[in-house]
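A.B. asks:
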Amino acid sequence: MIASIAYLGLLDDEEIELDIAALELSALDHPGIDLGPYHDQLDLLEAELRDEGADAETSEEQAGALARLLAGRYGFAGDHASYDAPLNADMIRVLDRRRGLPVSLSILYVALARRLGWIAEALNTPSHVLVRIGPLDSPILIDPFHDGLPVGDETLDKLLRRSLGPDARIEPEHVAPLPNRLVLVRLLLNQATRAEQAGDAARAIAIYERIVEVAPSHAQGWWDLARLQLADGRGEEARGSLSAMLEITRDADARATILEALEALSGR
Numbered sequence: 427m428i429a430s431i432a433y434l435g436l437l438d439d440e441e442i443e444l445d446i447a448a449l450e451l452s453a454l455d456h457p458g459i460d461l462g463p464y465h466d467q468l469d470l471l472e473a474e475l476r477d478e479g480a481d482a483e484t485s486e487e488q489a490g491a492l493a494r495l496l497a498g499r500y501g502f503a504g505d506h507a508s509y510d511a512p513l514n515a516d517m518i519r520v521l522d523r524r525r526g527l528p529v530s531l532s533i534l535y536v537a538l539a540r541r542l543g544w545i546a547e548a549l550n551t552p553s554h555v556l557v558r559i560g561p562l563d564s565p566i567l568i569d570p571f572h573d574g575l576p577v578g579d580e581t582l583d584k585l586l587r588r589s590l591g592p593d594a595r596i597e598p599e600h601v602a603p604l605p606n607r608l609v610l611v612r613l614l615l616n617q618a619t620r621a622e623q624a625g626d627a628a629r630a631i632a633i634y635e636r637i638v639e640v641a642p643s644h645a646q647g648w649w650d651l652a653r654l655q656l657a658d659g660r661g662e663e664a665r666g667s668l669s670a671m672l673e674i675t676r677d678a679d680a681r682a683t684i685l686e687a688l689e690a691l692s693g694r
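With the first letter of the sequence shown counted as 1, position 42 gets the number 468 in the working numbering; the numbers rise by one all the way through.
Here it is in structure tokens:
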């Protein structure tokens, strides 16, 4: 059982183990659960990947080994039938059901690849996280939501334009690697968004509190937390969130907006 995730906010980004961190975040919604069997499951997947990918050196070979193990042997795949179900962003339930969102499945692919010393990154692709795997001079993009299949240039272009609009300018940031901390933020944002859509303010606030605990320098997380706290009549907590945001924000325009919001709250 995990008592707190506060330590995640103190780690250097490269020290974060994505699969373990995602499990510990998930455990917060499963009080009393024993994570031991889930750690054992991940260790077993690692051992089987070592066998499957023993001779994998190229990006294609490594991607193929991951797909054969996770999608082929174990049936991990995207949940097309109930995509918006919150359990698809809950790593415990992802491992139980072998179904998930692009981001949760990407965490599994990336973490397992890294356990073998392979280079793997979750990418900042809008609306649909992809994974880049393999040596830096010849990586390959794969889609864990669609059975770990390779993603070519044409498919990538279609995916980006479906998210950004047909006339959108594709920027390098749209396919840039995500830091580990922001992968976890993106996982949590799926839960927060669905809670808001369901009108569950308390749940949404709890998830945003996790976001700023995991990523204390994530300014947007503090802003959204303050917004929800204020809407829920928790003005003093909203002031605290905005003050925390002010401490980490250096952009002059953003600071002016925060100070304006704080001044408005002081008059309440």
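Glycine is no exception: its CB is placed at the ideal position from the N, C-alpha and C atoms.
For Ile-533 versus Ala-628, is the C-beta spacing smaller than 8 Å?
C.D. replies: For Ile-533 and Ala-628, no; Cβs fall outside 8 Å.
A.B. asks: Pull up the CB-CB distance for Ile-545 and Pro-561, whole angstroms please, since I reckon it's below 8 Å.
C.D. replies: Yes, they are in contact, since the Cβ atoms of Ile-545 and Pro-561 sit about 6 Å apart, within 8 Å.
A.B. asks: Name the DSSP bridge partner or partners of Ala-680?
C.D. replies: Looking at the DSSP assignment, Ala-680 forms no beta bridge with any residue, so it has no partner.
A.B. asks: Starting from the C-beta of Glu-441, find all residues in its chain whose C-beta is less than 6 Å away, skip the five residues before and the five after it, and write them out in chain order.
C.D. replies: Answer for Glu-441: no residue qualifies.
A.B. asks: Whole angstroms is fine: what's the gap from Ile-428's alpha carbon to Gly-435's?
C.D. replies: Caution is warranted here: a pLDDT of 47 is assigned to Ile-428, below 50, making its placement in the model unreliable, and the coordinate value is therefore given only provisionally. About 15 Å.
A.B. asks: Could you pull out every residue in the same chain whose Cβ sits closer than 7 Å to the Cβ of Ser-667, ignoring the five residues on either side in sequence?
C.D. replies: Closer than 7 Å at Cβ, skipping near neighbours: Trp-648, Leu-651, Ala-652, Gln-655.
A.B. asks: Identify the continuous alpha helix (DSSP H) that holds Val-577 and give its terminal residues.
C.D. replies: Here Val-577 belongs to no alpha helix (DSSP H), and DSSP marks it neither H nor E.
A.B. asks: Do Gly-574 and Leu-496 have their C-beta atoms closer together than 8 Å?
C.D. replies: Their beta carbons are under 8 Å apart, which means Gly-574 touches Leu-496 by this criterion.
A.B. asks: Taking Cβ to Cβ, would you say Leu-444 is nearer than 8 Å to Val-640?
C.D. replies: No. Outside cutoff.
A.B. asks: Using the beta-carbon count (16 or more within 10 Å), is Ser-623 buried or exposed?
C.D. replies: First, the amino acid is wrong: residue 623 is Gln here, not Ser. When all chains shown are included, Gln-623 counts as exposed.
A.B. asks: Do you know offhand how far Gln-499's Cα is from Glu-635's?
C.D. replies: Note that residue 499 is Arg in the sequence shown here, rather than Gln. One C-alpha to the other measures close to 37 Å.
A.B. asks: Go through the region 544–599 residue by residue and report every complete run of the alpha helix (DSSP H) that reaches 4 residues or more, in order.
C.D. replies: Complete alpha helix (DSSP H) runs here, min 4: 579–590.
A.B. asks: Assign Met-427 to one of three DSSP states: helix, strand, or coil.
C.D. replies: Bear in mind that the predicted position of Met-427 carries a pLDDT of just 42, short of 50, making it unreliable; the figure below should be weighed with that in mind. Reduced to three states, the DSSP call for Met-427 is coil.
A.B. asks: In three-state terms, what does DSSP make of Gly-504?
C.D. replies: In this structure, Gly-504 counts as strand in the three-state DSSP scheme.
A.B. asks: If I'm right that Ala-515 touches Gln-617 with Cβ under 8 Å, what's the distance once you round it to whole angstroms?
C.D. replies: Contact flag correct, Cβ pair sits at about 5 Å.
A.B. asks: What did DSSP end up calling Pro-463 once you bin it into helix, strand or coil?
C.D. replies: Here Pro-463 sits in helix by DSSP.
A.B. asks: Comparing C-alpha positions only, which one of Asp-583, Leu-613, Ile-566, Gly-504 sits nearest to His-572?
C.D. replies: Per the Cα distances, Gly-504.
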